[in-house]
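S.K.:
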Ligand SMILES: *Cc1c(COP(=O)(O)O)cnc(C)c1O
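Okay, here's the thing in structure tokens:
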């Protein structure tokens, strides 16, 4: 029952006075879907409670990090112990080595890595490293992929392959994005043309292997194979942005999924974040030793951070990774996510609503489209009004999915079969007006 005073609305009005748009990251504001954002009071397991005390089944999980659910006892204990020992020292700690060793053992394409505090920072530095290591300036990125908000990456396609990108944000000088070429995801022909035209100038190609920032779009095996081959052939570095997919779609991340289809497949640089921090500000980028040794203090590529490798954040990340690598964890998470996705598809088919959905490990996406889209243009063919109806239908029934049609969803180890059943039942009711 909705209380007569909506405390979320009260908080939003107050927030708007002191924080632009009332939020500290734009998509939280519900601008796309309308309505009032839920101000979270607390979270536990697969749920969070808003300012009114209303409970929601959480399919965002902080946009990916909360793979164990909220407040996992082992993680909580590690964080509490670390906090007592000190919040930040600005000097190295053993736990940074332990976390680095843990991540490298899960993602062996990396021989070394550096810890930073956000995915944006990791992606930005990976680009600088690729440029520094190759002595080249040009970068390829794909429409619909997000790599954080560094200036050079806030860019959309220019007109034609010969021209580089245009800024997507005010405050980014056109000069800053003039080295970024934006191509269509999964378009092999265009990729080949771009390398034929600009190959000798390309420092790196950055890609989300399963693009979670356009909901859930897989790079095809053929497209992935060509990305790898063309980078190798032209001396460019293949940068896998696994901030979302890292330790989320599989223990070994998306690259381990593609290595099953393409034997020996490896990116040159991997960018990680979200799950490896377990909900604390922590991210990383890594690669082969020769590339990573280009970084200061060994090499000429500068990068630094006051809070990098923070002792509380590393404790949180380490405890999280140690839980998810326990035997059976990922199989159970994958099976539960699959059950959700199969259930959603069955309900939509029953209701006669055009629908498609996909998942890998603990990450999923669905579309009000009859077939899975392959690129951003196809994703954006979704009817926004219908999506918003569905979003609010679910929200009203206590199911919280991302408040935008181009965002992925996440299941955690804390979601039970009963939670999935409750979600499917809410989905059935929420679909009714869409028939
Ligand atoms: C979330 C995300 C980022 C940015 O990470 P922040 O920690 O929000 O800066 C970069 N790349 C991808 C693929 C992401 O999903």
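Residue numbers (the working numbering): 5 to 439. Positions of the beta carbon are idealized from the N, C-alpha and C atoms, including for glycine. All values reported here derive from a predicted model rather than from experimental measurement.
Could you name each continuous alpha helix (DSSP H) segment of 4 residues or more that falls completely within the stretch 173-238, going from the start of the chain to the end?
M.R.: Those alpha helix (DSSP H) runs which fall completely within the stretch 173-238 and span 4+ residues are 178-181, 192-202 and 225-238.
S.K.: State the Cα-Cα distance for the pair residue 180 and residue 27, rounded to the nearest angstrom.
M.R.: For residue 180 and residue 27, the distance between alpha carbons rounds to 27 Å.
S.K.: With a floor of 4 residues, list each alpha helix (DSSP H) that falls wholly inside the stretch 40-121, ordered by position along the chain.
M.R.: Counting whole runs of 4 or more residues, the stretch 40-121 contains the alpha helix (DSSP H) stretches 77-89 and 98-110.
S.K.: Residue 354 to residue 84, Cα distance in whole Å?
M.R.: Cα-Cα distance, rounded: 48 Å.
S.K.: How big is the Cα-Cα spacing for residue 228 and residue 213?
M.R.: If I take the Cα positions, the gap works out to 8 Å.
S.K.: Can the beta-carbon of residue 409 be found less than 8 Å from the beta-carbon of residue 434?
M.R.: Going by C-beta atoms, residue 409 is not nearer than 8 Å to residue 434.
S.K.: In this structure, does DSSP put residue 405 in helix, strand or coil?
M.R.: Looking at residue 405 - three-state DSSP - the assignment turns out to be coil, as it is neither helix nor strand.
S.K.: For the alpha helix (DSSP H) holding residue 294, just list the boundary residues, first then last.
M.R.: Run containing residue 294: 293-296, per the alpha helix (DSSP H) assignment.
S.K.: With burial defined as no fewer than 16 other Cβ atoms inside 10 Å of the residue's Cβ, what is the status of residue 280: buried or exposed?
M.R.: Its Cβ being crowded by 16 or more others within 10 Å, residue 280 is buried.
S.K.: Here's the rule I'm using: 16 or more other beta-carbon atoms within 10 Å means buried, otherwise exposed. How should residue 219 be labelled?
M.R.: It is buried - the Cβ of residue 219 has at least 16 other Cβ atoms within 10 Å.
S.K.: Buried or exposed: which applies to residue 245, given that a residue is buried once 16 or more other Cβ atoms fall within 10 Å of its Cβ?
M.R.: So residue 245 ends up on the buried side.
S.K.: Do you know how far the Cα of residue 72 is from the Cα of residue 438?
M.R.: In a straight line, the C-alpha of residue 438 is about 33 Å away from that of residue 72.
S.K.: Whole angstroms is fine: what's the gap from residue 401's alpha carbon to residue 61's?
M.R.: Their backbone Cα atoms lie some 9 Å apart in a straight line.
S.K.: If you pair each beta-carbon of the stretch 181-193 with each one of the stretch 223-241, do three or more pairs fall below 8 Å?
M.R.: Taking 8 Å as the limit for Cβ pairs, the verdict is that the stretch 223-241 does touch the stretch 181-193.
S.K.: In its own chain, which residues sit with a C-beta less than 7 Å from the C-beta of residue 256, not counting the 5 before and 5 after it?
M.R.: So the list reads 110 and 111, once near-sequence residues are dropped.
S.K.: Just confirm the distance between the C-beta atoms of residue 136 and residue 298, as a whole number of angstroms; I'd bet it's less than 8 Å.
M.R.: Residue 136 to residue 298, Cβ: 5 Å. Contact.
S.K.: Does DSSP classify residue 251 as helix, strand or coil?
M.R.: Here residue 251 sits in coil by DSSP.
S.K.: Considering only their Cβ atoms, is the gap separating residue 344 from residue 368 smaller than 8 Å?
M.R.: Yes, the pair counts as a contact, with Cβ atoms nearer than the cut-off.
S.K.: May I ask you to verify whether the stretch 253-267 touches the stretch 291-308, counting CB pairs closer than 8 Å and requiring at least 3?
M.R.: In short, these stretches do not touch, since the Cβ pair count stays below three.
S.K.: Name the two residues that bound the continuous alpha helix (DSSP H) containing residue 149.
M.R.: Run containing residue 149: none; DSSP gives neither H nor E here.
S.K.: Please name the residue, chosen from 13, 93, 48 and 64, that lies closest to residue 310 on a Cα-to-Cα basis.
M.R.: For residue 310, the nearest C-alpha among the options comes from 93.
S.K.: If I measure Cβ to Cβ from residue 55 and keep anything under 7 Å in the same chain, skipping five residues before and after, which residues do I get?
M.R.: The residues are 11, 12, 15, 43 and 45.
S.K.: With a threshold of 8 Å, are at least 3 pairs of Cβ atoms found where one atom belongs to the stretch 98-109 and the other to the stretch 315-322?
M.R.: In short, these stretches touch, since the Cβ pair count reaches three.
S.K.: Using 8 Å as the Cβ pair cut-off and three pairs as the minimum, do the stretch 31-39 and the stretch 379-386 touch?
M.R.: Short answer: they don't touch.
S.K.: Mark residue 314 as exposed unless 16 or more other C-beta atoms lie within 10 angstroms of its C-beta, in which case mark it buried.
M.R.: Flag for residue 314 reads buried.
S.K.: Comparing C-alpha positions only, which one of 21, 24, 348 and 131 sits nearest to residue 289?
M.R.: Cα-wise, what sits closest to residue 289 is 131.
S.K.: Just to confirm, are residue 63 and residue 413 a CB contact at a threshold of 8 Å?
M.R.: The answer is yes: Cβ separation under 8 Å.
S.K.: Do you know whose CA, among 38, 8 and 69, lies nearest residue 415's CA?
M.R.: Residue 69 is the option with its Cα nearest to residue 415.
S.K.: By Cβ distance below 6 Å, which residues in the same chain neighbour residue 97 in space, the five residues on each side in sequence not counted?
M.R.: 315.
S.K.: Output yes or no for whether 8 Å exceeds the beta carbon distance between residue 392 and residue 38.
M.R.: Going by C-beta atoms, residue 392 is nearer than 8 Å to residue 38.
S.K.: Looking only at DSSP bridge pairs, what is residue 241 linked to?
M.R.: Looking at the DSSP assignment, residue 241 forms a beta bridge with 208.
S.K.: State yes or no: is the C-beta of residue 245 nearer than 7 Å to some heavy atom of ligand 1?
M.R.: Because some heavy atom of ligand 1 lies under 7 Å away, the Cβ of residue 245 counts as near it: yes.
S.K.: Evaluate contact between the stretch 193-205 and the stretch 112-130, counting only Cβ atoms and requiring at least three cross-stretch pairs below 8 Å.
M.R.: In short, these stretches do not touch, since the Cβ pair count stays below three.
S.K.: Quick one, which of 170, 419 and 52 has its alpha-carbon nearest residue 340's?
M.R.: That would be 419, whose Cα lies nearest to the Cα of residue 340.
S.K.: Just to check, is the beta-carbon of residue 248 closer than 7 Å to a non-hydrogen atom of ligand 1?
M.R.: Checking every heavy atom of ligand 1 against the Cβ of residue 248, one is found closer than 7 Å.
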